[in-house]
Amino acid sequence: MKLRLCLAVLLLCWQSALIQADNLEISGYWQVMPVYLELDDPQTGEQQGWWDYRAQNRLNLRWFASDSVNVTWQMRTRYFAGDLVQELPGYKQSVAQDAGYFNLSATLVDDRQQLLHYNTDRLFVEWQQPDWNLRAGRQRINWGVNLLTNPSDLFNIDSLYAFDYPERPGADALRLQHSLGMAGHWELAASRGASAEDSVVAGLLAFNWQMVDLQGVAGRYRERFALGAGWASNLGEAGFKGEVMWFRDRAADAEGEYPHSGVVAISLDYMFSNGLFAVLEALWNEQGGQQQPLVFQPTADNPSLTRRQLASQLTYTVNPLLDLSLTGLLYLDEEAVFLAPAVRFSLLPDLDWHSQAQFHLAGGDSALRQAGSLLATSLQWNF
792 MKLRLCLAVL LLCWQSALIQ ADNLEISGYW QVMPVYLELD DPQTGEQQGW WDYRAQNRLN
852 LRWFASDSVN VTWQMRTRYF AGDLVQELPG YKQSVAQDAG YFNLSATLVD DRQQLLHYNT
912 DRLFVEWQQP DWNLRAGRQR INWGVNLLTN PSDLFNIDSL YAFDYPERPG ADALRLQHSL
972 GMAGHWELAA SRGASAEDSV VAGLLAFNWQ MVDLQGVAGR YRERFALGAG WASNLGEAGF
1032 KGEVMWFRDR AADAEGEYPH SGVVAISLDY MFSNGLFAVL EALWNEQGGQ QQPLVFQPTA
1092 DNPSLTRRQL ASQLTYTVNP LLDLSLTGLL YLDEEAVFLA PAVRFSLLPD LDWHSQAQFH
1152 LAGGDSALRQ AGSLLATSLQ WNF
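The opening residue of the sequence shown carries number 792 in this note's numbering; numbering runs sequentially from there.
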């Protein structure tokens, strides 16, 4: 019922947008991406190579209904074929998962050889005034300050391991923003996940004090209370950022205690004279190390595989057509490192080639040996 109602609303918006085509923005891309992975075989435990062949289309629509109201609808349709579709248990379920309150996805083709899946990851109405902004629907709510790890992102935390989804998923939410001028702004937001336990209700206050951007965050994060702060300033010519979050269960455990945990992420970033941009981050995550690498999904209260982690990212623009990057993680609790080199080259004004790899290098006793490695290359035409 909810899906049919959403589709009806989408069709009405689409029909109105076609009538007023001058008020409609359309963009997106077509992409093909073969992926090679080395993972532990779930049946034998031995390392095995897997091929995954992917193609996707992304379509972004934005309709300006008036000077103050616009509607955004963004979707992607993905095609999968290869070893993972045919042999890896649970792969199709992971692809088709929609964590929102409204299930805005559909599996169009599903057989032993291939999978075709459609998903709407942005769908919201926005009302804009000089000092006010209201959004209702599936959207991104980004409260993070750091460039790598963001425990303040209660609604939409990113993953350093995501390699094929730069847009990131959205949350079914209602968000109200009010600008306080140059002094800052405040936000109130609420989202509902697939279940009531996944709900998030929180507020943010951001302001500037003594040339330092500060923010405070408080609210309910799923089945926990959340409280934290963040800052962005400078140390000389380097950027200095940080986020500190504390979480406490809303309900007592069997012993009458209220389990709690903390996350601290502090980073420096610097632009060298030759154009090299570097980020260095130290992370402490009290709940780290409690999940297996292959099933790990970052959350605000558990954003990393280990308790202690050092992260670095280097990006360099060789020329207007060629970009290079390298992301590295040092897992201080394990004998393991993570490396992710990437290269992007513009073949034509609207045609890009992108290649990247991910390697987990771990000692014999480390659980991160199971994390695997991958190599992916893509050709993307933008419109």
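Glycine is no exception: its CB is placed at the ideal position from the N, C-alpha and C atoms.
The alpha helix (DSSP H) enclosing residue i, as first and last residue numbers
i, result
"residue 1164", "Where residue 1164 is concerned, there is no enclosing alpha helix (DSSP H), although the beta strand (DSSP E) it sits in stretches over 1164-1173."
"residue 930", "Unbroken run through residue 930 is the beta strand (DSSP E), 923-930; no alpha helix (DSSP H)."
"residue 886", "882-887"
CA-to-CA distance, residue j to residue i, given in whole angstroms
i, j, result
"residue 1017", "residue 1047", "20 Å"
"residue 908", "residue 843", "15 Å"
"residue 825", "residue 955", "11 Å"
"residue 1077", "residue 814", "49 Å"
"residue 940", "residue 1004", "18 Å"
"residue 938", "residue 1061", "12 Å"
"residue 914", "residue 881", "28 Å"
"residue 1082", "residue 857", "48 Å"
"residue 975", "residue 998", "4 Å"
"residue 1156", "residue 1101", "20 Å"
"residue 840", "residue 1136", "27 Å"
"residue 1169", "residue 846", "9 Å"
"residue 920", "residue 1008", "24 Å"
"residue 851", "residue 866", "7 Å"
"residue 986", "residue 891", "9 Å"
"residue 885", "residue 1019", "31 Å"
"residue 1042", "residue 819", "45 Å"
"residue 1160", "residue 1085", "10 Å"
"residue 993", "residue 927", "15 Å"
"residue 929", "residue 973", "29 Å"
"residue 1071", "residue 932", "24 Å"
"residue 1090", "residue 887", "20 Å"
"residue 1056", "residue 1031", "11 Å"
"residue 809", "residue 1010", "Low per-residue confidence applies at residue 809: pLDDT is 49, beneath 50, and the placement is therefore not dependable, though the value from the model is reported in the following sentence. Each residue's Cα considered, the two are about 41 Å apart."
"residue 827", "residue 889", "25 Å"
"residue 899", "residue 870", "10 Å"
"residue 1162", "residue 861", "42 Å"
"residue 980", "residue 1022", "20 Å"
"residue 1088", "residue 951", "11 Å"
"residue 868", "residue 894", "15 Å"
"residue 901", "residue 864", "25 Å"
"residue 1167", "residue 1044", "44 Å"
"residue 996", "residue 1033", "16 Å"
"residue 984", "residue 1053", "23 Å"
Sequence-distant residues of its chain with Cβ nearer than 6 Å to residue i (five each side left out)
i, result
"residue 821", "848, 1172"
"residue 1118", "1104, 1131"
"residue 1079", "1095, 1097, 1098"
"residue 1068", "1062, 1106"
"residue 897", "909"
"residue 960", "912"
Residues near residue i in its chain [Cβ-Cβ closer than 7 Å; skip 5 each side]
i, result
"residue 1108", "1066, 1114"
"residue 982", "946, 962, 963, 964, 990, 991"
"residue 1174", "818, 819, 820, 1141"
"residue 1039", "1015, 1016, 1049, 1051"
"residue 1153", "1125, 1126, 1127, 1159, 1160"
"residue 944", "933, 934, 935, 1091"
"residue 1025", "1031"
"residue 1073", "1057, 1101"
First through last residue of the beta strand (DSSP E) which encompasses residue i
i, result
"residue 874", "No beta strand (DSSP E) holds residue 874; the alpha helix (DSSP H) holding it covers 874-878."
"residue 1052", "1051-1062"
"residue 998", "991-1000"
"residue 917", "905-919"
"residue 1042", "Looking at the DSSP string, residue 1042 is not in any beta strand (DSSP E), and its letter there is neither H nor E."
"residue 1073", "1068-1076"
Own chain residues within Cβ distance below 8 Å of residue i, not counting five before or after
i, result
"residue 904", "872, 876, 877"
"residue 923", "967, 968, 969, 970"
"residue 1165", "826, 827, 828, 829, 954, 1148, 1149"
"residue 859", "918, 919, 920"
"residue 1029", "1059, 1060, 1061"
Identity of the residues DSSP links to residue i by a beta bridge
i, result
"residue 827", "842, 1166"
"residue 1020", "1007, 1035"
"residue 848", "821, 868"
"residue 856", "Per DSSP, none; premise fails for residue 856."
"residue 901", "906"
"residue 893", "Looking at the DSSP assignment, residue 893 forms no beta bridge with any residue, so it has no partner."
"residue 862", "854, 916"
"residue 1158", "Paired residues: none, contrary to the question."
"residue 1030", "1025, 1060"
"residue 1147", "1133, 1167"
"residue 1013", "Residue 1013 is not bridged to any residue."
"residue 1152", "1128"
Item to complete: Could I get the ranges of all uninterrupted beta strand (DSSP E) runs contained in the stretch 935-987, with 3 residues as the minimum, in chain order?
Response: DSSP runs (the beta strand (DSSP E)) wholly in the stretch 935-987: 962-970, 975-982.
Fill in: Segments assigned beta strand (DSSP E), at least 3 residues, entirely inside the stretch 1088-1144
Runs found: 1099-1110, 1113-1122, 1127-1139.
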